[in-house]
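Undergrad: Sequence lines, in order, name chains A and B. Residue 219 in my numbering sits at position 219 of the first sequence; the count goes up by one each step and never skips. Residue 146 in my numbering sits at position 146 of the second sequence; the count goes up by one each step and never skips. C-beta: ideal position from N, C-alpha, C; glycine also.
There are 2 protein chains.
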Amino acid sequence: MNTFSNDKCTFSEAELLDLGKRAFKGLGLPEDDAADVARILVQADLFGLGTHGLGRIESYGKRLQTGGINARANITVDSPAPTLRLVNGDNGVGPLVGMHALRAAMQAARECGVGVALARQSNHFGPVSPYGLLAAQEGFASIIGSNATTTIAPWGGSDARLGNSPLGFGIPNPGGSPFLLDMAMSVVARAKIRNALKRGEKIPDTWATDRRGSATTDPAAALDGFLLPIGGHKGYGLALMVDLFAGLLSNAAYLTHVKSWVDAPDEPQNLGHFFILIDTRKLGPTSWLADRMNDFAAILHASPSTDPDAPVIVPGEIELANMARQQRDGIAISASVLELLQQHAGVARQP
Amino acid sequence: MNTFSNDKCTFSEAELLDLGKRAFKGLGLPEDDAADVARILVQADLFGLGTHGLGRIESYGKRLQTGGINARANITVDSPAPTLRLVNGDNGVGPLVGMHALRAAMQAARECGVGVALARQSNHFGPVSPYGLLAAQEGFASIIGSNATTTIAPWGGSDARLGNSPLGFGIPNPGGSPFLLDMAMSVVARAKIRNALKRGEKIPDTWATDRRGSATTDPAAALDGFLLPIGGHKGYGLALMVDLFAGLLSNAAYLTHVKSWVDAPDEPQNLGHFFILIDTRKLGPTSWLADRMNDFAAILHASPSTDPDAPVIVPGEIELANMARQQRDGIAISASVLELLQQHAGVARQP
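1) Taking the straight line between their C-alpha atoms, what separation do you get for S79(A) and D279(A)?
2) Name the chain A residues that come within less than 8 Å of T256(B), Cβ to Cβ?
3) What residue range does the beta strand (DSSP E) around F24(A) cover?
4) Near V37(B), which residues of its chain fall below 6 Å by C-beta distance, leaving aside the five closest residues on each side in sequence?
5) With distance defined between alpha-carbon atoms, name the residue in E317(B), V262(B) and F275(B) nearest to S59(B).
6) Work out the CA separation of M99(B) and V347(B) for me, nearest whole Å.
7) When we look at the beta-carbon of S357(B) and count the other beta-carbons within 10 Å, is it buried (16 or more) or exposed?
8) Just reading off the alpha helix (DSSP H) that Q121(B) is part of, what are its end residues?
9) From M323(B) to G53(A), what does the alpha carbon distance come to, in whole angstroms?
10) Anything in the segment 128-157 of chain B with a Cβ closer than 8 Å to a Cβ of chain A? List those residues in chain order, please.
11) Rounded to a whole number of angstroms, what is the C-alpha to C-alpha distance between L338(B) and A345(B)?
12) So L305(B) contacts chain A; which residues on that side make the cut at Cβ distance below 9 Å?
13) Do L341(B) and G20(B) have their beta-carbon atoms positioned less than 8 Å apart in this structure?
14) For K202(B), count neighbouring Cβ atoms within 10 angstroms of its own Cβ and tell me buried if that reaches 16, exposed if not.
15) From which residue to which residue does the beta strand (DSSP E) around A141(A) run?
16) I'd like to know if the segment 251-260 of chain A and the segment 149-166 of chain A are in contact, where contact means that at least 3 CB-CB pairs between them fall below 8 Å.
17) For the alpha helix (DSSP H) that K241(A) lies in, which residues bound it at each end?
18) Taking Cβ-Cβ distances shorter than 8 Å, what residues in chain B pair up with P80(A)?
19) Out of curiosity, what's the CA-to-CA distance linking R85(B) and S214(A)?
20) Give a yes or no on whether the C-beta atoms belonging to T209(B) and L228(B) are separated by under 8 Å.
21) Where does T206(A) fall in DSSP's three states?
22) Starting from the C-beta of A246(A), find all residues in its chain whose C-beta is less than 6 Å away, skip the five residues before and the five after it, and write them out in chain order.
23) Take every Cβ of the segment 175-190 of chain A, pair it with every Cβ of the segment 285-303 of chain A, and state whether three or more of those distances are shorter than 8 Å.
24) Are the segment 124-138 of chain A and the segment 297-313 of chain A touching, with three or more C-beta to C-beta distances below 8 Å?
25) Rounded to whole angstroms, what's the CA-CA distance from M185(B) to G235(A)? Just pull it up for me.
26) If you count every other CB in all the chains shown that lies within 10 Å of the CB of W155(A), and 16 or more means buried, which is it?
27) Over the uninterrupted beta strand (DSSP E) stretch that includes R85(B), give me the two end residues.
28) Could you tell me how far apart the beta carbons of T66(A) and G115(A) are, in whole angstroms, since I believe they sit closer than 8 Å?
29) Could you tell me which chain B residues have their CB closer than 7 Å to the CB of T83(A), listed as they occur along the chain?
30) Where are the beta strand (DSSP E) runs, 3 residues long or more, that stay fully inside the segment 153-194 of chain A, in chain order?
31) Going straight from the alpha carbon of D18(B) to that of K62(B), what length do you get?
32) Is any beta-carbon of chain B found at less than 8 Å from that of D279(A)?
33) Taking the C-alpha atoms as reference points, what is the distance between D159(B) and H233(A)?
34) Taking any Cβ of chain B, which residues in the segment 308-319 of chain A have a Cβ under 8 Å from it, in chain order?
35) Chain A beta carbons: is any one of them nearer than 8 Å to that of M106(B)?
36) Using CA atoms only, rank isn't needed, just tell me which of R120(B), G113(B), A34(B) and A71(B) is closest to D243(B).
Right under this line is the structure:
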């Protein structure tokens with residue numbers, strides 16, 4: 001059942017999971033692998049993270065078609081110690097490698113209380129929060145990160161040598177709303193600078209530098225330069241630490257060794273990810289955790305807001321509200337993304 | 001052998017470890033416990049982190065003397081799963097509880113590849129980087145954090161409900177310099193705002209808010225208000241996640257449940273810490289790790305710096321250089337801190 005309004009169409013979660021699965025199957029993935037990829041991307045759409053949802057079929061599809069990603073990846077998992085899982089993604093689609101790593105870490109955490117999976121030979125694995133939600137639903141607190149193509153200059157440097165690495169955290173809340181944080185290390189996304197340029201506005205000098213590494217208020221110079229990390233040297237340090245855990249320790253590429261998706265479309269990126277999971281059921285009864293999580297959120301929500309129309313919120317609150325709304329009303333997908341999905345799925349275009 | 005110059009005196013590391021141990025023994029701690037506390041505080045001084053070094057004898061000493069900290073803490077460790085260690089600090093001195101938790105996590109990580117210690121019933125445990133260094137020296141990559149007295153308003157809120165929680169990361173480099181990151185979540189420390197006030201200067205509006213939670217450029221209003229977290233909602237989220245792992249999951253106090261050291265000097269703070277350690281020797285040979293770590297640092301150092309006099313550095317570089325210099329030339333301690341140490345140690349004051 002599809003509803004069309006302007007250039008958006010809405011679908012149920014089950015419909016999109018099925019369409020996404022068929023589309024990636026059409027791109028050459030085995031059925032179960034295609035289902036894993038669809039699970040992460042549809043969850044991103046449910047959260048309202050459209051830039052990281054099924055729309056990624058475009059870039060993932062291109063790389064699958066040029067052979068830059070391996071559609072028939074043979075993902076393997078080694079276990080050099082009871083809690084450690086080393087995942088070789090065999091250059092598979094990122095969310096597929098991510099799902100294998102998540103499951104490997106969950107298995108280790110069930111056995112040992114804590115599980116750590118380090119993945120190499122991977123690609124862009126989508127946003128972090130879908131993995132954090134899946135972990136939280138099974139009772140695992142999580143710290144998850146990935147490295148990325150280099151777009152940021154070192155603090156005080158003047159060329160792109162590190163990625164705008166995503167880092168996420170999740171804490172389960174049995175029967176309630178988990179806390180989910182999913183952040184990149186830049187003050188703003190590049191899109192915000194593009195929007196300022198379109199509107200002819202200056203940008204704050206904390207957002208980006210020009211190509212020589214000097215802070216700028218000119219959006220055009222900023223787009224030719226580098227995004228600045230949050231907190232200056234602090235965000236620089238955080239981004240490095242994510243790359244050290246996700247890339248260096250996992251035996252993946254790191255820093256400038258990560259191949260650009262755009263410049264080298266047929267070469268493996270060899271991205272790395274890390275998943276650190278703690279089984280909260282080993283820490284206390286679910287009622288203990290639920291009581292503390294609800295109290296924790298209540299304390300924050302009770303802070304009088306500076307703007308009466310914008311109450312204080314907690315990490316994940318917006319995404320979980322988007323999910324609830326779209327599970328009820330349907331998930332909005334743009335007509336162009338729908339067309340691409342249907343094309344790969346081999347569905348005749350709807351009139 | 002002491003050298004006096006102005007109001008600073010320099011000592012060898014061994015001399016300060018001994019003096020610090022005797023001072024905390026004088027405050028009622030058993031000898032081994034006093035040595036643990038001195039180890040962390042002297043390491044902070046070695047790193048040049050004077051605000052978190054032996055100078056803490058003043059505030060720790062006051063709380064020990066009023067009974068706000070338990071000098072004869074009976075620290076216990078439970079292990080609900082092979083990789084999990086739950087540490088009850090019995091309201092002991094923070095660095096003592098921190099050392100117990102670090103050792104418990106190292107033991108679990110040696111056995112299982114990963115070790116996680118969650119500590120409760122603790123106090124201010126010093127800076128994070130000394131623990132990161134000790135872990136790195138034994139081959140462990142680390143993620144370490146603590147919660148803290150509430151000084152920050154929730155993002156968009158207008159009263160202090162979360163702490164400026166420290167978070168640290170460390171990656172060993174066998175035979176070379178480890179990476180050590182140690183950061184709090186505020187854009188700047190309160191001392192920088194005090195300095196601006198003294199000089200009669202305005203502050204950037206990204207540093208702090210007034211007491212109503214609105215951004216301000218007035219240092220006096222800022223000191224009456226709240227520090228702002230790095231990256232706005234991102235730093236807010238990070239600070240919450242540190243408190244969730246360090247305070248909520250550890251069964252310690254969290255958010256406003258943390259008692260103020262100043263307002264309630266004789267009540268236990270019940271702070272919490274977390275230590276996540278990964279045994280890098282399970283990931284590959286030490287030569288593999290050293291090669292990758294040295295390459296990683298070299299890539300960053302090779303970025304042309306925007307300021308020719310300020311080459312690009314990596315996290316921990318300043319602290320490790322301070323340590324090397326002070327291990328060679330002696331560690332500078334202020335005369336007032338020396339006097340307090342000697343007083344508690346029962347040493348006759350030097351002429």
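TA: According to the structure data:
1) 19 Å
2) I299
3) Careful: F24(A) lies outside any beta strand (DSSP E), inside the alpha helix (DSSP H) at E13 to G26.
4) F24, V93, P95 and L96
5) V262(B)
6) 27 Å
7) Outside the shown range of chain B (1 to 351) lies residue 357(B), about which nothing can therefore be said.
8) Segment V114 to S122 is the beta strand (DSSP E) holding Q121(B); no alpha helix (DSSP H) there.
9) 48 Å
10) A141, I143, A153, P154, W155, G156 and G157
11) 10 Å
12) The sequence shown places Ser at residue 305(B), rather than the Leu named in the question. Neighbours of S305(B) on chain A, chain order: P154, G156, G157, S158 and G213.
13) yes
14) exposed
15) F140 to S146
16) yes
17) Per the sequence shown, residue 241(A) should be read as Met rather than Lys. Looking at the DSSP string, the run of the alpha helix (DSSP H) that includes M241(A) is H233 to D243.
18) G113, K282 and L283
19) 47 Å
20) yes
21) coil
22) G145, S146, N147, G272, H273 and F274
23) yes
24) no
25) 10 Å
26) buried
27) L84 to N88
28) Contact doesn't hold; Cβ gap of about 35 Å is too wide.
29) T83, C112, G113 and V114
30) 167-171 and 179-183
31) 21 Å
32) yes
33) 27 Å
34) A310, P311, V312, I313, V314 and P315
35) no
36) R120(B)
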